[in-house]
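What follows is a short report on a single structure.
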Amino acid sequence: GLPAQRRIWRSPEGNAILTHERPDGLAVQIDVQPCLHAEAMRWRIQLHHSGSQTRRLRLTGYLEWALNRPDVYLRRPDFNAIHVGVRFLRDQAALLAHNRLFDGEGPKRHVLGYGFLAVAQNDRVRLVGYEDDRSRFLGRGTGQAPEALLTGELRNPDDEGLLYPFDPAAALQVELELAPQDTLTVSWVQGWADTESAALAAIAPALTGKPAASVPPGAPPWRRIRPRPGLDPAARFEAQGRAFEMTPDTPRPWTHMLANRQGHGVLIGNDGAQFSFSGNSQQNGLTPFVLDTLPAQSCAQAIYVTDLDTGAILSPGYTPLRQAAAHRVRFEPGQAVLSATHPDFALALTIAVLPDEPLEIRLLRVENRSAQARTLRLTAFTHLALAELPEDSHGQIETRFDAALGACLFTRPGQRFHAGTGFLAIDLPIEAHTFNRRAFWGAQGDATCPVLARTGCPEHDQLSDGATVAALSGVFRLEPFAVRDVAVLMGQASTAA
611 GLPAQRRIWR
621 SPEGNAILTH
631 ERPDGLAVQI
641 DVQPCLHAEA
651 MRWRIQLHHS
661 GSQTRRLRLT
671 GYLEWALNRP
681 DVYLRRPDFN
691 AIHVGVRFLR
701 DQAALLAHNR
711 LFDGEGPKRH
721 VLGYGFLAVA
731 QNDRVRLVGY
741 EDDRSRFLGR
751 GTGQAPEALL
761 TGELRNPDDE
771 GLLYPFDPAA
781 ALQVELELAP
791 QDTLTVSWVQ
801 GWADTESAAL
811 AAIAPALTGK
821 PAASVPPGAP
831 PWRRIRPRPG
841 LDPAARFEAQ
851 GRAFEMTPDT
861 PRPWTHMLAN
871 RQGHGVLIGN
881 DGAQFSFSGN
891 SQQNGLTPFV
901 LDTLPAQSCA
911 QAIYVTDLDT
921 GAILSPGYTP
931 LRQAAAHRVR
941 FEPGQAVLSA
951 THPDFALALT
961 IAVLPDEPLE
971 IRLLRVENRS
981 AQARTLRLTA
991 FTHLALAELP
1001 EDSHGQIETR
1011 FDAALGACLF
1021 TRPGQRFHAG
1031 TGFLAIDLPI
1041 EAHTFNRRAF
1051 WGAQGDATCP
1061 VLARTGCPEH
1071 DQLSDGATVA
1081 ALSGVFRLEP
1091 FAVRDVAVLM
1101 GQASTAA
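See the structure below:
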């Protein structure tokens, strides 16, 4: 079919407007505008159906709560998240959230405050579900394809009350019908108020222009945390008891720490996410810490295997590709193994840290299970931090490619906590390399389909997005039913020599 047409511009009043025209006859216009009498933004979503048959649609609005200063939220997201409580009110079709860290007296205390998300209901727009637990809403999916929207496993609006979900979010889903040549507008509001009563008083006027209905006083009922639906955490110790085997599908990602006496280490999640550090795990993360309460939403490290005969891109871990392969994970003393079985290939990535060197090795075993010889490309990617957060080292990381070593080198001059030169290398002839994330992804790509893995050529005309990465690719041939091991090395030495 024809691609959808998208445009975004600013109206004469200064509002942001987004239009999305789909080839199936559905046109969407989103007008984002500030509310005049509240600290809130109104989203007016106009839907027009030009087709000949009635359509039933469900719209879902989603956000993730922070409710703290950005520096606190970014550096201590788990600690911040466990203090955020979310209350759902059915009649108001609203979710209210507060951070109990601020609920008290003292010079360092902040105003408690309430964030809110609400949608306007009427005889054509009906609330059918909500969710305030990020791990339940996203599940094994992403913000672009949440698992809850595929399974329909949202909370029933009858489930009112207060919950501390430990991973707070807000999702409201409404259902509506569009007749042929019909147009309908749905209004959402997102905002902030100093008190719960002020938040409730602001919602109705912001949505409809009418006064708010009174809310019964008293403490709200408590709700229960619900596990993610469809979990199959097949996990067990092996017979000797030294290794633990599992799938990526656990209620929360499980992790395995590998570190040596040099202070170099890597933390591996059973979802495939990895975090590397050297000398100081807090202040000198070689990569950003992306391990999460659900399969990682961003990619700090990845290894891609591209079948050049078919164009298929594979990965031994569940993230970032989230493929429907048979994934297994094995944690044991001194190493972790991520494996994936595809129709024509079996991949097994063994991760270990050398005992006396600031170096981690990833040994990827690729098995060709087909009767045809295959030409494959291996691409290694890492997002560089050399700090606690990438923002701390923005514009400070120096990079260069050493052709003799076939390695990407990187350093952060002035790093007070642990100085040295980092490196990323693969034991293949280097086809291409880049330190620019947008060049690695390409104009039409992302972490799930990077242009370097697809074509072996970064898009050097892409302007940097501010993120510094190291990425390498190399090509090798695998005969029918053959097996080959390829090593990927990463670490940080005291000097470039």
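Here the sequence shown is numbered in my numbering, starting from 611 and rising by one per residue. Where a beta carbon is used, it is the ideal one built from N, C-alpha and C, also for glycine.
Within 8 Å, strictly: CB atoms of residue i and residue j
i, j, result
"D804", "D777", "no"
"V1058", "F1050", "According to the sequence shown, residue 1058 is Thr rather than Val. Result no, Cβ atoms of T1058 and F1050 do not sit closer than 8 Å."
"T793", "L918", "no"
"Y724", "A809", "yes"
"L759", "A703", "no"
"R833", "G771", "yes"
"V735", "V784", "yes"
"G944", "A958", "no"
"T916", "L986", "yes"
"L1062", "F1020", "no"
"Q907", "T897", "no"
"A814", "A650", "no"
"I971", "A1097", "yes"
"E1041", "S1083", "yes"
"A780", "Y672", "yes"
"G851", "A997", "no"
"G1046", "Q1006", "Checking the displayed sequence, the identity of residue 1046 turns out to be Asn instead of Gly. No, Cβ-Cβ distance for N1046 and Q1006 is not below 8 Å."
For residue i, the nearest candidate out of the options (CA to CA)
i, options, result
"A1106", "V796, L673, G1030", "G1030"
"R665", "S1083, Q791, I640", "Q791"
"T795", "T1021, V963, Q639, H1028", "Q639"
"N625", "A637, G739, P680, C645", "C645"
"T629", "E623, M651, I655", "I655"
"H937", "A956, T920, Q945, G944", "A956"
"S660", "A780, I618, A789", "A789"
"P905", "D1012, V735, R932", "R932"
"T969", "L1099, E998, F847, A934", "Residue identity differs from the one stated: residue 969 is Leu in this sequence, not Thr. Ranking the options by Cα distance to L969, first place goes to L1099."
"P1000", "L973, S807, G1076", "G1076"
"E977", "S949, I692, E623, I627", "S949"
"W653", "R710, S797, C1018, C909", "S797"
"D954", "F885, P1090, V947", "P1090"
"D769", "I1007, E741, Q982", "E741"
"A946", "A983, F1086, L996, E855", "E855"
"F941", "T865, Y928, R632", "T865"
"A1013", "S1003, D1002, P1039", "P1039"
"V694", "L669, V900, H708", "H708"
"V836", "F747, F885, D902, H952", "Position check: residue 836 holds Arg in this sequence, whereas Val was assumed. Here the closest residue by C-alpha is F747."
"T818", "V1085, H647, F1086", "H647"
"L677", "R668, L669, P687", "P687"
"I692", "R710, R679, L699, V939", "R710"
"A853", "V939, S807, E806, R679", "V939"
CA-to-CA distance, residue j to residue i, given in whole angstroms
i, j, result
"P1068", "A845", "40 Å"
"G1101", "R871", "14 Å"
"L612", "G1055", "Since pLDDT at L612 reaches only 47, below the 50 mark, its modelled position is unreliable, and the value read off the structure follows with that caveat. Near 19 Å, if we compare the C-alpha coordinates of G1055 and L612."
"N690", "G635", "44 Å"
"R620", "V642", "10 Å"
"E674", "G753", "10 Å"
"P965", "H874", "9 Å"
"S745", "L1088", "40 Å"
"P827", "R1048", "Per-residue confidence for P827 stands at a pLDDT of 49, beneath the threshold of 50, marking its modelled position as unreliable; no derived number is given."
"L706", "R838", "22 Å"
"R979", "T960", "20 Å"
"D733", "E787", "11 Å"
"Y774", "P830", "13 Å"
"P1015", "I913", "Here residue 1015 turns out to be Leu, not Pro, going by the sequence shown. C-alpha separation (whole angstroms): 20 Å."
"L877", "L868", "6 Å"
"T1009", "A1017", "11 Å"
"F712", "D681", "16 Å"
"F887", "L684", "18 Å"
"T920", "G751", "25 Å"
"R617", "T1078", "29 Å"
"A935", "P622", "50 Å"
"G801", "I627", "19 Å"
"F1086", "Q893", "37 Å"
"R697", "L722", "15 Å"
Min CB distance residue i to chain B below 8 Å
i, result
"D1075", "No chain B appears in the structure shown, which is made up of a single protein chain."
(request) Report yes or no: do three or more beta-carbon pairs, one from the region 987 to 1001 and one from the region 1030 to 1041, lie closer than 8 Å? (result) Yes, since at least three Cβ pairs between the region 987 to 1001 and the region 1030 to 1041 fall closer than 8 Å, the two stretches touch.
(message) In chain order, what are the residue ranges of uninterrupted beta strand (DSSP E) at least 3 long that sit wholly in the region 1011 to 1089?
(response) Complete beta strand (DSSP E) runs here, min 3: 1017 to 1021, 1031 to 1036, 1042 to 1046, 1078 to 1088.
(request) Entirely within the region 938 to 980 and at least 3 residues each: give me those beta strand (DSSP E) ranges in chain order. (result) Within the region 938 to 980, the complete beta strand (DSSP E) runs of at least 3 residues are 945 to 951, 955 to 963, 969 to 978.
(message) Would you call the region 877 to 885 in contact with the region 854 to 863, where contact means no fewer than 3 C-beta pairs closer than 8 Å?
(response) By the Cβ criterion, the region 877 to 885 is in contact with the region 854 to 863, since at least three pairs of Cβ atoms, one from each stretch, lie closer than 8 Å.
(message) Just to confirm the assignment: which complete alpha helix (DSSP H) runs, minimum length 4, are found wholly within the region 713 to 794?
(response) Fully enclosed alpha helix (DSSP H) runs of 4 or longer: 744 to 748, 757 to 761.
(message) I'd like to know if the region 757 to 767 and the region 723 to 730 are in contact, where contact means that at least 3 CB-CB pairs between them fall below 8 Å.
(response) Counting Cβ pairs under 8 Å, fewer than three are found: no touch.
(request) Please determine if the region 909 to 928 and the region 1021 to 1028 are in contact, where contact requires at least 3 C-beta pairs separated by less than 8 Å. (result) No contact exists between the region 909 to 928 and the region 1021 to 1028.
(message) Which runs of the beta strand (DSSP E) at least 3 residues long sit entirely within the region 633 to 696? Give them in chain order.
(response) Within the region 633 to 696, the complete beta strand (DSSP E) segments at least 3 residues long are 636 to 644, 649 to 659, 665 to 674, listed from N- to C-terminus.
(request) Output the residue ranges of the beta strand (DSSP E) runs that lie fully inside the region 825 to 881 and measure 3 residues or longer, sorted by chain position. (result) You should have 854 to 856, 865 to 869, 874 to 879.
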